[in-house]
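Participant:
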Amino acid sequence: MHRDDICCRVDEADLRRFIGQSLARCGADTPTSDAVVRALVTASLMGVDSHGLRLLPHYIKELQGGRVCGAPQLRMEQRLPAVAVLDAGHGLGHLAGYRAVEKAVEMARQVGVGAVSVGNSSHFGAAGCYAMTAAEQGMLGLALCNSDPFVLLHGSRQAFHGTNPIAFAAPVDGEDPWLLDMATSAVPWNRVQQYSAIGRELPADIAATEDGITTTHAADVRALLPLGGAGFGFKGAGLAGMVEILCSTLANMMHGFHLLPMTGPDMSTPRGVGHFFLVMNPEAFIERDTFQQRIKAYRDDLRAMRGVDDRPVMAPGDREWQCREQRRRKGIPLDHAQRDAYRELSLQLDIPSLAEHA
689 MHRDDICCRV DEADLRRFIG QSLARCGADT PTSDAVVRAL VTASLMGVDS
739 HGLRLLPHYI KELQGGRVCG APQLRMEQRL PAVAVLDAGH GLGHLAGYRA
789 VEKAVEMARQ VGVGAVSVGN SSHFGAAGCY AMTAAEQGML GLALCNSDPF
839 VLLHGSRQAF HGTNPIAFAA PVDGEDPWLL DMATSAVPWN RVQQYSAIGR
889 ELPADIAATE DGITTTHAAD VRALLPLGGA GFGFKGAGLA GMVEILCSTL
939 ANMMHGFHLL PMTGPDMSTP RGVGHFFLVM NPEAFIERDT FQQRIKAYRD
989 DLRAMRGVDD RPVMAPGDRE WQCREQRRRK GIPLDHAQRD AYRELSLQLD
1039 IPSLAEHA
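First residue of the sequence shown: 689, per our numbering; consecutive thereafter.
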């Protein structure tokens, strides 16, 4: 979040309290509430503001409208030693995501790898939360998700794929993991919504109007460009297709082009989002100590590269870990739109408001 957009800060513990109470007021059971709190606060601490606390009002609307079930009956079926499928029961995707990773880690400990396909789910926040969960248990983790269409195909005027994120994490003993969390679009859709809410201009060559013309005005955006922009968007479009196949096809879900919009007027019909998680046990491939030597050497060499204007070169995840430490000290920032939304939720749900500070 840009410093000029910050109007106040809130403490991590108070934010966890507020999110949990809000979800419980709307019928979320404890496992669901705990999973959403965990994912949203993790994202906000790491500076992934588009997928952090700003999503709570949307999830409340989904619960109130009946689109998602606050107390879903999850059904896990292990079909092979390294393969399982999870029916998320149309619950919030955060619970399904953490449960799927737990199962994938369990299988990876036994047979080296574990893959879980998830269907009948919904938005699960930041994909990196789930890849990171695997890394925290000494595993390599890959997390993917499909979504409704708001990303143009390369050279197209019509949105076809969702942002279809890819997250990958690798464990590093005694340190935070190597973490990649990226959309296959030029930016996440939630980033555009965030910029629109605060009236901030977008960078060039990342978003388009209804006619497929690129624009920097967030309020005019009707579609995103794929990763690579107008010139090289075939790369992002191809990656989005890979994510789509793993998330919707393997889960027997409709592909993203046919999904209901995340923020559309229908908050009563389940969307049927799909996820895919792959966990790999490094010790199935290489001695544990050797793996750790190699991964640390790789990251050390990367960070030692000379940066432009002598700025440090960061490994994937470094910015997030720095932001997390700063926000734990100073508090998590809210922009004006987020502050107003949380004040409104406090009144609507009759729960104590967040304690705001500078």
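Just so it is clear, CB atoms sit at the ideal spot from N, CA and C, and this is done for glycine as well.
Could you give the residue range of the beta strand (DSSP E) that holds E765?
Facilitator: 763-768
Participant: Taking only three categories from DSSP, how would you classify M795?
Facilitator: helix
Participant: Count the CB pairs spanning the stretch 724-743 and the stretch 778-798 that are closer than 8 Å, and state whether there are at least three.
Facilitator: yes
Participant: So what does H963 bridge to, in DSSP terms?
Facilitator: V806, C833
Participant: Assuming C633 is part of the beta strand (DSSP E), what are its boundary residues?
Facilitator: Residue 633 cannot be examined here, being either before or after the span of the chain that is shown, 689 to 1046.
Participant: By the DSSP assignment, the beta strand (DSSP E) with A855 in it spans what residues?
Facilitator: Per DSSP, A855 belongs to the beta strand (DSSP E) from 854-858.
Participant: Between which residues of its own chain and G781 is the CB-CB distance below 7 Å, once the five residues before and five after are set aside?
Facilitator: S809, S810, H811, F812, V961, H963
Participant: Starting from the C-beta of F945, find all residues in its chain whose C-beta is less than 7 Å away, skip the five residues before and the five after it, and write them out in chain order.
Facilitator: P837, F848
Participant: Going by the DSSP bridge assignment, what does S873 pair with across the sheet?
Facilitator: P914
Participant: In the DSSP assignment, the alpha helix (DSSP H) including L744 goes from what residue to what residue?
Facilitator: 744-753
Participant: How big is the Cα-Cα spacing for R879 and P914?
Facilitator: 14 Å
Participant: Report buried or exposed for E932, applying the criterion of at least 16 other Cβ atoms within 10 angstroms of its Cβ.
Facilitator: buried
Participant: Under the three-state reduction of DSSP, which class applies to L841: helix, strand or coil?
Facilitator: Correct three-state label for L841: coil.
Participant: Three Cβ pairs or more, each shorter than 8 Å: is that satisfied between the stretch 739-752 and the stretch 870-879?
Facilitator: yes
Participant: Could you pull the DSSP bridge partners for V771 from this structure?
Facilitator: L768, A803
Participant: Could you tell me the alpha carbon to alpha carbon distance between A892 and P719, rounded to whole angstroms?
Facilitator: 41 Å
Participant: Using a Cβ-Cβ distance cut-off of 9 Å, determine whether L774 contacts chain D.
Facilitator: The chain labelled as chain D is not found in the depicted structure, where only one protein chain is given.
Participant: What number of angstroms, rounded off, separates the C-alpha of L774 from the C-alpha of E765?
Facilitator: 6 Å
Participant: Exposed or buried, which one is D997 when buried takes at least 16 other CB atoms within 10 Å?
Facilitator: exposed
Participant: Would you report the Cα separation of L1022 and E1013, rounded to the nearest angstrom?
Facilitator: 17 Å
Participant: State whether the stretch 899-919 contacts the stretch 934-945, with contact taken as three or more CB pairs (one from each stretch) at a distance under 8 Å.
Facilitator: no
Participant: Tell me, to the nearest whole angstrom, how far the beta carbon of G802 is from that of L867; I am working on the premise that it is less than 8 Å.
Facilitator: Actually they do not touch by this definition, with Cβ atoms about 19 Å apart.
Participant: Where does K791 land, buried or exposed, given buried means 16+ other C-beta within 10 angstroms?
Facilitator: buried
Participant: Can you give me the start and stop residues for the alpha helix (DSSP H) that F848 sits inside?
Facilitator: Taken as a continuous stretch (DSSP letters only), F848 belongs to no alpha helix (DSSP H), being part of the beta strand (DSSP E) at 847-849.
Participant: Can you have a look at I901 and say buried or exposed, based on whether 16 or more other CB atoms are within 10 angstroms of its CB?
Facilitator: exposed
Participant: Please report the straight-line C-alpha distance between M842 and G850, rounded to a whole angstrom.
Facilitator: Before going further, note that residue 842 is His rather than Met in the sequence given. Going by the C-alpha atoms only, they are around 13 Å apart.
Participant: Can you give me the start and stop residues for the alpha helix (DSSP H) that I983 sits inside?
Facilitator: Counting along the chain, the alpha helix (DSSP H) containing I983 begins and ends at 976-991.
Participant: At what residues does the alpha helix (DSSP H) containing P1021 begin and finish?
Facilitator: Where P1021 is concerned, there is no enclosing alpha helix (DSSP H), although the beta strand (DSSP E) it sits in stretches over 1020-1023.
Participant: Helix, strand or coil, according to DSSP, for A896 in the structure here?
Facilitator: strand
Participant: Looking at the secondary structure, which residues open and close the alpha helix (DSSP H) in which D722 lies?
Facilitator: 718-733
Participant: Are the beta-carbon atoms belonging to N969 and A701 less than 9 Å from one another?
Facilitator: no
Participant: I'd like the span of the alpha helix (DSSP H) that includes M820, first residue to last.
Facilitator: Under the DSSP assignment, M820 falls in the alpha helix (DSSP H) whose first and last residues are 816-823.
Participant: Return helix, strand or coil for G777, following the three-state DSSP convention.
Facilitator: coil
Participant: Round the Cβ separation of D693 and R888 to the nearest angstrom and send it over; I've been treating them as touching at under 8 Å.
Facilitator: 7 Å
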